[in-house]
Amino acid sequence: MATKNVSISVEAYRKLAMLKGHKESFSDVIIREIGRGKLRDIYGILKEESGKKFEKSILEERKIEQKLHEERNKKLMRKFNNDLS
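Per the working numbering, the sequence shown starts with residue 102, numbered consecutively.
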């Protein structure tokens, strides 16, 4: 892989280092962070009514996922308790 040297400030280096995972290179961090969308990039893309519908569907999906999560936990706890008996 070809590389380039880039000078950055100490502050920028420290911020990148804080974002860097254990086995992650600084290049990985930069690519990951640049690839992330910014909220301001999509602000205003939906009309208010569409945005509210979208938000409602997200909240409903979260409730469903929470319920499934709770059911899985109960099932695991029952199995765990039975295994201890």
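For every residue, glycine included, the Cβ atom is placed at its ideal position computed from N, Cα and C.
Close Cβ partners of residue i (< 6 Å) along its chain, the five nearest in sequence each way excluded
| i | result |
| --- | --- |
| LEU120 | VAL130 |
| GLY138 | none |
| LYS175 | none |
Beta-carbon proximity of residue i to residue j, cut-off 8 Å
| i | j | result |
| --- | --- | --- |
| PHE127 | LEU117 | yes |
Cβ shell of residue i (< 8 Å), same chain only, five flanking positions each side left out
| i | result |
| --- | --- |
| LEU169 | none |
| LYS105 | none |
| LEU147 | PHE155 |
| ILE109 | LEU117 |
Minimum Cβ-Cβ distance from residue i to chain B less than 8 Å
| i | result |
| --- | --- |
| GLU171 | Note that chain B does not occur in the displayed structure, where there is just one protein chain. |
Extract the residue ranges of the alpha helix (DSSP H) inside the segment 137 to 180, only unbroken runs of 4 or more that lie entirely within it. If only uninterrupted alpha helix (DSSP H) runs of at least 4 residues are considered, those enclosed by the segment 137 to 180 are 140 to 143.
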